[in-house]
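Take a look at the structure below.
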Amino acid sequence: MDLQFTQEEQAFRGEVLQFLKDKLPEHLSRKVKGGLHLTREDMLQWHAVLNERGWLANHWPEQYGGPGWGAVQKFIFENECALAGAPRIVPFGVNMLGPVLIKYGSEEQKKYWLPRILNGDDWWCQGYSEPGSGSDLASVKTTAVLDGDHYVVNGQKTWTTLGQHANMIFCLVRTNREAKAQSGISFLLVDMKAPGVEVRPIITLDGEHEVNEVFFTDVRVPARNLVGEQDKGWTYAKFLLTYERTNIAGVGFSVAALEKLKRIARKVQRNGRPLAQDPMFATRLAKVEIDLENMKTTNLRVIAAVAGGGVPGAESSMLKIRGTEIRQEISSLARRAMGPYAQPFIEEALHEGFGEEPVGPAEAAPLAAQYFNNRKLSIFGGSNEIQKNIISKMILGL
Ligand SMILES: Cc1cc2nc3c(=O)[nH]c(=O)nc-3n(C[C@H](O)[C@H](O)[C@H](O)COP(=O)(O)OP(=O)(O)OC[C@H]3O[C@@H](n4cnc5c(N)ncnc54)[C@H](O)[C@@H]3O)c2cc1C
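Quick note on our numbering: the sequence shown kicks off at 785 and runs consecutively.
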């Protein structure tokens, strides 16, 4: 496999770099590089910039607004965005629901919802998990009962990321209690502003309001919001999860985080020499860099499979496990590099406009929060233990 970029690919990289130089707002990259909190408006602003250029939904087919890129172009784009400090694309509409609608939605649904995802008219969130239904997702208990031309939804979802910003939620609901667990699930698009929907915050270890509980009491949902066939939602749910897992691996994110870590390790002095020359630290740094290089190749394989019309399979589970381990190791090393300065957790320091100077070097301020926040990586999108079960089933046939 030739891992050198061709001349055309190099030219494309130049185009991306120029775009980022011209269009990435400075206040956004400053926040991302500084590990500061991004507001809803920040995230929407970046979506709008990408959409204007036709680069927001870069893995959608051209007929629905994708740019028609191949695997390598997507890889280059994601890496350069991460290195430049661009905000992450909010995945729920673009990366999760979009591919499901394109593959399983009706023509009417595609025509209505896909442009709204691109234009930022809807902010989507994901209503899969429930108390007691996380790893065992097929046991979801939220019900949807057909009543004329509406479904009536009752139940509770949990861990709903950024649900406080959302006006729409895609939900797994039980439409058949008699059938085998996986056979009685449907995939429904629910208006979060409808009567009977209540969102309550969950504050996580890092002090952030990132996740929520969502309650449904007799919520009426038009039957036209059912995606695909009733009771067949498990197929669509699994299809979506493979995209989610590939996304969580976050190769570009790790490339940028590793660059920053190396800069810190060269700057920080320990026992009269740069920390990067400390054998114990350098060994861990080298190991994580080698793992990341290997990940890049696996990531390219997955992107190439998708670009060739395939869907990511067990590889997305492999990427999810290794990608999240790498991200967690980098945040551990960053804390280690900063020593005692990485200890204090000051929630206010994560928001722009915090008046006081943080204790110690500026790079240290967000490290404790990032370390805590990154604990989630090996849990969400299906825990890493569950990914190992999937790999053993799909690859080893166990
Ligand atoms: C920060 C965060 C954001 C999230 N965002 C969303 C979201 O937006 N939408 C959404 O729907 N969900 C979301 N989730 C939920 C996430 O998908 C679940 O937390 C995850 O699937 C695990 O489910 P659980 O929390 O119920 O844990 P459990 O399923 O109860 O698992 C507990 C432990 O047991 C292990 N375990 C369970 N079953 C097995 C098994 N068969 N073999 C081996 N080990 C097993 C698990 O690995 C885990 O360590 C989010 C979670 C977090 C932490």
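We put the CB at the ideal spot given by N, CA and C, even for glycine.
Predicted model only: the values in this text are computed from it and were never measured.
Neighbour-count burial assignment, LYS1160, 16 or more Cβ in a 10 Å radius = Along the sequence shown, one-based indexing puts residue 1160 at 376. Residue environment analysis places LYS1160 among the buried positions, since at least 16 neighbouring C-beta atoms fall within 10 angstroms of its C-beta.
Nonlocal neighbours in the same chain, by C-beta distance under 8 Å from GLU793, ignoring five residues either side = The sequence position of residue 793 within the sequence shown is 9, counting from 1. Excluding positions up to five away in sequence, the list reads VAL856, GLN857, ILE860.
The stretch 881-893 touching the stretch 927-934, judged by at least three CB pairs closer than 8 Å = no
Member of TRP844, GLN847, ARG872 whose CA lies at the smallest distance from the CA of LYS817 | Numbered from 1 along the sequence shown, position 33 holds the residue referred to as residue 817. When each option's Cα is compared against that of LYS817, the closest is ARG872.
Within this structure, are the beta carbons of ILE901 and TYR848 separated by less than 7 Å?
-> For this step, residue 901 is matched to residue 117 along the sequence shown. For this step, residue 848 is matched to residue 64 along the sequence shown. No; because the gap between Cβ atoms is not below 7 Å, this pair is not in contact.
Contacting residues, own chain, Cβ-Cβ under 6 Å from MET785 (five flanking each side not counted) = The sequence position of residue 785 within the sequence shown is 1, counting from 1. Confidence at MET785 is low in this model, with a pLDDT of 46, below 50, so its placement is unreliable and no value can be given for it.
Do you know offhand how far THR1082's Cα is from ASN1031's?
-> Along the sequence shown, one-based indexing puts residue 1082 at 298. Along the sequence shown, one-based indexing puts residue 1031 at 247. Going from the Cα of THR1082 to the Cα of ASN1031 covers about 13 Å.
The beta strand (DSSP E) with PHE1000 in it runs from where to where?
-> Taking the first residue of the sequence shown as position 1, residue 1000 is located at position 216. 993-1006 is the extent of the beta strand (DSSP E) around PHE1000.
Helix, strand or coil at HIS811 according to DSSP, with G and I counted as helix = For the purposes of this step, residue 811 is identified with residue 27 of the sequence shown, where counting begins at 1. Note: HIS811 maps to helix in three-state DSSP.
How would you call MET827, buried or exposed, if buried means at least 16 neighbouring beta carbons within 10 angstroms?
-> Here residue 827 refers to the residue found at position 43 of the sequence shown. The Cβ neighbour count for MET827, taken over all protein chains shown within 10 Å, is at least 16; the residue is labelled buried.
Helix, strand or coil for MET785, going by three-state DSSP, please let me know.
-> Sequence index remark: in the sequence shown, residue 785 carries index 1 (1-based). Reliability fails at MET785, whose pLDDT of 46 lies under 50, so the model's placement of it is uncertain and no value is given.
Drop a sphere of 10 angstroms on the beta-carbon of TYR896, count the other beta-carbons inside from all chains shown, and report buried for 16 or more, exposed for fewer.
-> As a working mapping, residue 896 is identified with position 112 in the sequence shown. By the neighbour-count definition (other C-beta atoms within 10 Å, threshold 16), TYR896 is an exposed residue.
Are the stretch 998-1016 and the stretch 948-965 touching by the rule of at least three beta carbon pairs closer than 8 Å?
-> Yes: the two stretches touch, three or more of their Cβ pairs being nearer than 8 Å.
Taking 6 Å as the line, does the beta carbon of LYS1051 fall inside it for any heavy atom of ligand 1?
-> As a first step, residue 1051 must be located in the sequence shown, where it is residue number 267. No - ligand 1 has no heavy atom lying nearer than 6 Å to the Cβ of LYS1051.
Is the beta carbon of GLY819 sitting closer than 7 Å to the one on GLN1053?
-> What you label residue 819 is simply residue 35 of the sequence shown in a count that begins at 1. What you label residue 1053 is simply residue 269 of the sequence shown in a count that begins at 1. Cβ atoms of GLY819 and GLN1053: not closer than 7 Å.
THR1067 in three-state terms, based on DSSP | In the sequence shown, counting from the first residue as 1, residue 1067 sits at position 283. Note: THR1067 maps to helix in three-state DSSP.
Does the beta-carbon distance from ILE737 to ALA1041 come in below 7 Å?
-> The requested residue 737 is not part of the displayed model; the chain covers only 785 to 1182.
How many angstroms separate the CA atom of LEU834 from the CA atom of GLU1043?
-> As a first step, residue 834 must be located in the sequence shown, where it is residue number 50. As a first step, residue 1043 must be located in the sequence shown, where it is residue number 259. A direct Cα-to-Cα measurement between LEU834 and GLU1043 gives close to 24 Å.
Run the proximity test for ILE1175: is its beta-carbon closer than 6 Å to any non-hydrogen atom belonging to ligand 1?
-> To locate residue 1175, count along the sequence shown from 1; it is residue 391. Checking the Cβ of ILE1175 against ligand 1 gives no.
Looking at LYS805 and ligand 1, is the gap between the Cβ and the nearest heavy atom below 6 Å?
-> On the sequence shown, position 21 is the one that residue 805 refers to. No, since every heavy atom of ligand 1 falls outside the 6 Å radius drawn around the Cβ of LYS805.
Straight-line CA distance for ALA978 to ARG1004?
-> The residue you call residue 978 lines up with position 194 of the sequence shown. The residue you call residue 1004 lines up with position 220 of the sequence shown. The alpha-carbon separation between ALA978 and ARG1004 amounts to approximately 8 Å.
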